[in-house]
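What follows is a set of notes on a single structure, which appears directly below.
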Amino acid sequence: MWHVGKVIERTDWNSRLFSLKIAVDIGPFIAGQFVKLGMEIQGKRVARAYSVVNAPGSNYIEILAVTVPDGSLSPALHLLLPGDVVEVNVPATGFLTLPELPSGTLQGRHLWMLATGTAVGPFLSMLDTAEPWQRFEQVTLVYGARLVDDLAYLDKLQTLARKNTQFCLLPSVTRETQSGMLHCRIPDGIASGEIERQAGITITATDSQVMLCGNPGMIRSTIELLTARGLHKNLRRAPGQITTEKYW
Numbered sequence: 733m734w735h736v737g738k739v740i741e742r743t744d745w746n747s748r749l750f751s752l753k754i755a756v757d758i759g760p761f762i763a764g765q766f767v768k769l770g771m772e773i774q775g776k777r778v779a780r781a782y783s784v785v786n787a788p789g790s791n792y793i794e795i796l797a798v799t800v801p802d803g804s805l806s807p808a809l810h811l812l813l814p815g816d817v818v819e820v821n822v823p824a825t826g827f828l829t830l831p832e833l834p835s836g837t838l839q840g841r842h843l844w845m846l847a848t849g850t851a852v853g854p855f856l857s858m859l860d861t862a863e864p865w866q867r868f869e870q871v872t873l874v875y876g877a878r879l880v881d882d883l884a885y886l887d888k889l890q891t892l893a894r895k896n897t898q899f900c901l902l903p904s905v906t907r908e909t910q911s912g913m914l915h916c917r918i919p920d921g922i923a924s925g926e927i928e929r930q931a932g933i934t935i936t937a938t939d940s941q942v943m944l945c946g947n948p949g950m951i952r953s954t955i956e957l958l959t960a961r962g963l964h965k966n967l968r969r970a971p972g973q974i975t976t977e978k979y980w
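This is the structure in structure tokens:
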């Protein structure tokens, strides 16, 4: 069902990367789920899926997006200002959520969140809830981008890392070097062992749940590395350690 939402705030992280807060009632949702945004363009509705960045319980949704010059919707979204309207399709949906992970002895002790670009969105929502901290001894977010300016919400994440000893933040940029950040693609950092050295823990089938969200190439390469270690895709009928969502 399509609802009309009103933009109440926008944040520009750089010239292409932006966030929108949209006042709209989407009803209950689970952190990590997404909604579709739609606008009428050249006489027809154009819609795309965007993860909800904020935690459940707000009277608005927040989305993170990057404008693509030849995109069908993102250039129009990039022009929106507070007071403008956008259509939101509800309810939220998606299975990259913490309740989908195994519980009990199959859960493991460590939660890994591996994201590239705007795919950090669902993890931001999860980190603002109590569930990851109640279920896991350590939560590690590996957040990959090309440039430091492409790392949206970095100040918020760094503040969380300083205040919460359960949280390990590992930002990584591939096209520049920055003190305190990794300089590698996520699969390369896993293959070399650098990501685990920085996190202080290892990824194992016994101890780890790994959630992947990002471009298909990153997901494909990382799954190959993890399956070689004995980790398996997490399915309801066959619980495992790897949960994925393609997002680009």
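Just so you know, our numbering puts 947 at position 215 of the sequence shown, and the rest follows in order with no gaps. Note that CB positions come from ideal geometry on N, CA and C, so glycine has one too. All values reported here derive from a predicted model rather than from experimental measurement.
task: Mind checking who G876 pairs with in its DSSP beta bridge?
output: Beta-bridge pairing links G876 to T848, S904.
field: Option nearest R742 by Cα separation, candidates W734, V736, S751, Q941
entry: For R742, the nearest C-alpha among the options comes from S751.
message: Relative to the C-alpha of A851, which candidate in G912, V785, G836, F827 has its C-alpha closest?
response: Selected option, being the one with the closest Cα: V785.
query: What residue from A824, L873, H810 has the CA that sits closest to F761's CA?
result: Selected option, being the one with the closest Cα: A824.
query: Taking the continuous beta strand (DSSP E) assigned at E819, which residues delimit it?
result: Run containing E819: 817-825, per the beta strand (DSSP E) assignment.
field: H810 versus S747 - alpha carbon distance
entry: Using only the alpha carbons, I get a separation of about 10 Å.
task: Measure the beta-carbon distance from L828 to G876 and round it to whole angstroms, keeping in mind my assumption that it falls under 8 Å.
output: Actually they do not touch by this definition, with Cβ atoms about 17 Å apart.
field: Close Cβ partners of P864 (< 7 Å) along its chain, the five nearest in sequence each way excluded
entry: Contacts found: L830, L843, M858, V871.
- prompt: Can you tell me whether DSSP reads G737 as helix, strand or coil?
  reply: In the three-state reduction of the DSSP assignment, G737 falls in the strand class.
- prompt: Can you list, in chain order, the residues of its chain whose CB lies under 7 Å from that of Q890, leaving out five sequence neighbours each side?
  reply: For Q890, the CB contacts under 7 Å within the same chain, skipping 5 residues up- and downstream, are L901 in chain order.
task: Could you check what DSSP says for M943 in three-state terms: helix, strand or coil?
output: Note: M943 maps to strand in three-state DSSP.
- prompt: Which residues bound the alpha helix (DSSP H) around K888?
  reply: Looking at the DSSP string, the run of the alpha helix (DSSP H) that includes K888 is 886-895.
field: Simplified DSSP assignment, three categories, for E869
entry: Coil.
query: Can you give the Cα-Cα distance for I773 and D882, rounded to whole angstroms?
result: The alpha-carbon atoms of I773 and D882 are separated by roughly 28 Å.
field: For I795 and L769, believed in contact at Cβ under 8 Å, the rounded distance
entry: Cβ atoms of L769 and I795 come within 8 Å of each other, at about 7 Å.
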